[in-house]
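Peer 1: Just passing along the structure, written as structure tokens.
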Amino acid sequence: MGGTDDVALDSLRRRMAAVQSLYRDATATMDARHVNEVIRDGMLPIAFSLFHIVNMIDVSVAVIAGVPGVWNDEWADRVRPAINDHGKHRTVDEMMEQRIGDYDAFVAYMNEVFDRLDSLLAGLEPEDLGRVVVARPFPPQIASTFSARVAGDDGITVLDALECWVYQHALRHMGEIELSRGALGLGGMTS
């Protein structure tokens, strides 16, 4: 291949690095008190957004690469989330209780997940972007997702998965984090 495919892969890598830098900057300027604060009922704590997106990126990289994820009982014992679940299929009311017990351990987990994402991205060739990772017909937990709407006739490709499950999803949750940071007097991450 080449040409446009090379440009797309280069752009994807740069955008992923930019998103990761936002999360690293955000976590470096917060502490457990900030991330576990409940600003108001119905507005999930930052702990939810952080744990959810990092755990979902972990799962996404595992699916795309065909390897086990990073999260395991050892990480759960270290991070001590109040709810040991990314919460994708839970209600807002249930996830209002999410807290991160050991914030430094969470940041270490996040960095390990980001390192695995970087390794996956570094190993991709342009022709890998079209490989189908979830074929049609989609299982129920995929059928109602944004990525199912984006998918082509064959299913969700590596590019679709990285764009939807990681990049767009991470930006969505960074928006939630920025809103909460503003309410906590910490300010946003970008202008």
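Heads up: the sequence shown is residues 1366 to 1556, going by our numbering. From the three backbone atoms N, C-alpha and C, an ideal C-beta is built for every residue, glycine too.
(1) Please confirm if the region 1389-1399 is in contact with the region 1461-1480, defined as three or more CB-CB distances below 8 angstroms between the two stretches.
(2) Just to confirm, are HIS1538 and HIS1417 a CB contact at a threshold of 8 angstroms?
(3) Give the C-beta separation of VAL1435 and VAL1478 to the nearest angstrom, bearing in mind that I take them to be a contact with Cβ-Cβ under 8 angstroms.
(4) Going by Cα to Cα distance, which pick from THR1522, GLN1506, GLU1490 is closest to LEU1374?
(5) In whole angstroms, what separates the C-alpha of ALA1361 from that of ARG1546?
(6) Comparing alpha-carbon positions, which option in ASN1437, SER1556, LEU1527, THR1555 lies nearest VAL1426?
(7) DSSP on MET1408, reduced to helix/strand/coil?
(8) As an exercise, report each continuous beta strand (DSSP E) stretch of at least 3 residues that is fully enclosed by the region 1405-1470, in chain order.
(9) In chain order, what are the residue ranges of uninterrupted alpha helix (DSSP H) at least 4 long that sit wholly in the region 1522-1549?
(10) What does the alpha-carbon distance come out to for the pair ASP1423 and TYR1388?
(11) Would ASP1423 pass as an interface residue toward chain C - the criterion being a Cβ-Cβ separation below 8 angstroms?
(12) Closer than 8 angstroms by C-beta to GLY1495: which residues in its own chain qualify, once you throw out the five before and the five after it? Chain order, please.
(13) Tell me the rounded alpha-carbon separation between ALA1391 and VAL1419.
(14) Can you find the residues in the same chain that come closer than 6 angstroms, C-beta to C-beta, to ALA1535, ignoring five residues on each side of it along the sequence?
(15) Excluding the 5 residues flanking ASP1371 on each side, which residues of the same chain have their C-beta closer than 7 angstroms to its C-beta?
(16) Rounded to whole angstroms, how far is the Cβ of VAL1428 from the Cβ of VAL1515, which I believe are closer than 8 angstroms?
(17) Using the Cα positions of ARG1443 and ASN1437, report the straight-line distance between them to the nearest angstrom.
(18) Looking at C-alpha atoms only, which residue of LEU1415, MET1408, ILE1448 is the closest neighbour of TYR1474?
(19) When DSSP labels each residue in this structure, what does VAL1472 get in the three-state scheme?
Peer 2: For this structure:
(1) yes
(2) yes
(3) 6 angstroms
(4) GLU1490
(5) Since the displayed the chain opens at 1366 and closes at 1556, residue 1361 lies outside it and no answer follows.
(6) LEU1527
(7) strand
(8) none
(9) 1523-1526, 1534-1548
(10) 15 angstroms
(11) This model lacks chain C altogether; it includes just one protein chain.
(12) THR1522, VAL1523, LEU1524
(13) 13 angstroms
(14) VAL1384, ILE1418
(15) PRO1491
(16) With 8 angstroms as the limit, VAL1428 and VAL1515 do not qualify as a contact, their Cβ atoms being about 15 angstroms apart.
(17) 10 angstroms
(18) LEU1415
(19) helix
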